[in-house]
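**Student:**
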Amino acid sequence: MTVTIIGTGLIGCSLANRLRETGFAQRVIGVDNNEKNLITALQLGWIDSSMVLDEAIKQSNLVIIAIPVDVTRKLLPGILDKLDKQVLMDVGSTKGAICQSVADHKNRGRYVATHPMWGTEKDGPESVVKEAFKGRVAVICEKDKTGADALQLVEDLYTRIGMQLVYMNAEVHDMHAAYVSHISHIASYALSLTVLEKEKEEDAIFELASGGFESTVRLAKSNPAMWVPIFEQNRENVLDVLNEHITQLRKIKSCLEKENFEYLKELIEDANKIKRILK
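Each residue of the sequence shown is one higher than the one before, counting from 1 in the working numbering.
(1) Roughly how far, in whole angstroms, is the beta-carbon of residue 80 from the beta-carbon of residue 105, given that I think they are within contact range, below 8 Å?
(2) Could you check where the beta strand (DSSP E) with residue 63 kicks off and where it finishes?
(3) Assuming contact is defined by CB atoms lying nearer than 8 Å, are residue 140 and residue 159 in contact in what I supplied?
(4) Please report the Cβ distance between residue 170 and residue 142, rounded to the nearest whole angstrom; I am assuming they are in contact, meaning their Cβ atoms lie under 8 Å.
(5) Distance, Cα to Cα, residue 19 vs residue 232?
(6) Among the candidates 136, 97, 57 and 39, whose CA atom is the shortest distance from the CA of residue 172?
(7) Check each candidate in 130, 124, 119 and 145 and name the one with the smallest Cα separation from residue 137.
(8) So, helix, strand or coil for residue 101, using DSSP?
(9) So for residue 136, helix, strand or coil by DSSP?
(10) How is the beta strand (DSSP E) around residue 115 delimited, first residue to last?
(11) Bridge partners for residue 2 per DSSP, in chain order?
(12) Please state whether DSSP places residue 86 in a helix, a strand or coil.
(13) With a cut-off of 8 Å on the beta carbons, I'd call residue 274 and residue 94 a contact; round off their distance for me.
(14) Give me the Cα-Cα distance between residue 154 and residue 250, rounded to the nearest whole angstrom.
(15) Should the region 116–136 be regarded as contacting the region 33–41, the criterion being three or more beta carbon pairs within less than 8 Å?
(16) Are the beta-carbon atoms of residue 22 and residue 47 separated by less than 8 Å?
(17) Just list the residues that DSSP pairs residue 166 with in beta bridges.
(18) For residue 52 and residue 224, I'd like the C-alpha separation in whole angstroms.
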């Protein structure tokens with residue numbers, strides 16, 4: 001199996017490594033307009049070679065798009081134009097706008113819309129995680145619009161690297177992604193901005209920051225080139241969950257203002273119920 005990965009950053013190279021570790025791919029070709037990433041990916045052995053997109057497609061059985069969702073949306077129709085029997089998949093964190101961009105494409109059946117629910121705040125091929133994706137969920141969207149052989153290939157890929165498969169339509173995916181992923185990044189960015197604004201002593205932040213603070217703001221290190229397009233494409237769902245988040249913050253604020261610590265205790269106990277779901 002020869003696989004082309006468009007985008008040799010954290011996700012693309014971590015996926016390339018897993019595909020080779022598990023024997024799913026015998027050869028991995030990298031495509032990227034970031035020359036530095038390509039060179040690093042080659043030096044670290046995540047990819048076997050690099051080449052221009054058209055030539056890479058011709059030599060591949062599977063093409064994986066692992067780039068920001070705004071660029072994915074722009075490039076996807078043109079890449080589908082170039083396919084013959086190859087399978088194309090993406091790993092973007094939004095699915096609605098991307099799927100809509102190729103809804104009527106003649107080669108729609110060769111495309112599998114997916115979102116492996118894994119990532120870190122880091123980026124670049126030097127940040128590859130060896131056991132990436134294992135034990136996590138991979139969402140496959142619009143499977144009814146995908147050719148049976150293309151779907152089977154991608155299902156085999158995710159199963160091989162140790163992921164659990166979940167199927168959703170694109171709109172439902174985007175709604176749930178806003179709830180469990182996108183809002184976490186917004187909250188982290190907001191907290192980071194708050195601390196940077198109020199705590200002017202950088203040394204104090206570094207010296208006093210506890211593990212809880214570090215874990216909460218970890219996502220604030222995430223690359224805006226990746227996350228701004230996600231927020232843009234999933235704007236309505238993100239606004240919905242953000243409004244609810246603000247409502248909950250206002251409740252906590254009101255408890256402190258009114259010294260209503262009994263109700264604050266109730267709110268925290270309600271929040272603790274998440275332990276039944278996330279153990």
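Ideal Cβ positions, reconstructed from N, Cα and C, are used throughout, including at glycine.
**Tutor:** Concretely, from the data shown:
(1) 5 Å
(2) 62–65
(3) no
(4) 6 Å
(5) 31 Å
(6) 97
(7) 119
(8) coil
(9) coil
(10) 111–116
(11) 27
(12) coil
(13) So it is not a contact: roughly 24 Å between Cβ atoms.
(14) 44 Å
(15) yes
(16) no
(17) 139
(18) 26 Å
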